Amino acid sequence: MAKKVEEAGGVLECDTNTLALHGLALQSYARFLMKKKQFQHAIKLYKQSLDIAREVYGADHPQALVVLNDLASAYVTNKQFKEGIESYQEAINRAENSDGADDSLIAFYYNLGEACIMSKDLASAREYCNKCIEIARRLQIPSLIQTGEQCLRDVEQVEATLASKDSS
């Protein structure tokens, strides 16, 4: 089955495996751009990679969820909190409806908790950090329990900072 991939000079026809590889290359290059602080360009490439992953694998496939998580992280890094939080929530909703995605859910909840901390929605952050811990405990993954506990400490630290500013 041939698919079409837009290239700089036109359209290239390719099979599903080539299309999947193109999506992975876009994702990898987007990660490189994130390190170079070229966030808007990275977001554009993550969106393209996500479209390909959804077409090739389906919207609930682990690869599509990883790219969606990466896109959410790019939004948050670029201070587009609303878009980032919505993308993390979509990843969580899709992962909860997929088989075997529990370990990914831990990361998604942690990332969503940290995004909420950055956007100063501390009540939601606490909820998502606790959800991260709950899943990690159920799966008996001590290192991820510690990650969730660090998320809660981050919430407490921001709360303390905000409280000290209010009392000044």
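So for the sequence shown, the numbering used here puts the first residue at 9; every next one is plus one.
Even for Gly, the Cβ is constructed at its ideal location relative to N, Cα and C.
Please read these numbers as outputs of a predicted model, since none were measured by experiment.
Test item: CB-CB of residue i and residue j under 7 Å
i	j	result
Ile125	Leu152	no
Tyr136	Gly121	yes
Ala50	Leu41	yes
Asp110	Ile141	no
Val163	Ala123	no
Alpha carbon of residue i to alpha carbon of residue j, nearest angstrom
i	j	result
Glu98	Glu104	10 Å
Val75	Asp129	24 Å
Gln148	Asn138	15 Å
Ser95	Lys173	31 Å
Leu27	Asn86	28 Å
Ala133	Gln88	17 Å
Ala168	Ser175	11 Å
Leu29	Lys45	24 Å
Tyr117	Gln56	24 Å
Arg145	Gln154	10 Å
Phe47	Ala171	32 Å
Lys90	Leu160	21 Å
Arg39	Ser127	23 Å
Residue burial classification, residue i (beta-carbon count within 10 angstroms, cutoff 16)
i	result
Asn77	buried
Ala61	buried
Ala33	exposed
Leu73	buried
Gln35	buried
Leu102	According to the sequence provided, residue 102 is Arg. The question's Leu does not apply to it. Arg102 is buried by the Cβ-count criterion.
Gly66	exposed
Ala82	buried
Leu53	buried
Ala131	exposed
Gln165	exposed
Whole-angstrom C-beta distance between residue j and residue i, which should lie under 8 Å
i	j	result
Ala80	Asn119	7 Å
Ser106	Asp68	5 Å
Val64	Gly31	7 Å
is_contact[residue i, chain E] using C-beta, thresh 7 Å
i	result
Met126	In the structure shown, chain E does not exist; there is a single protein chain.
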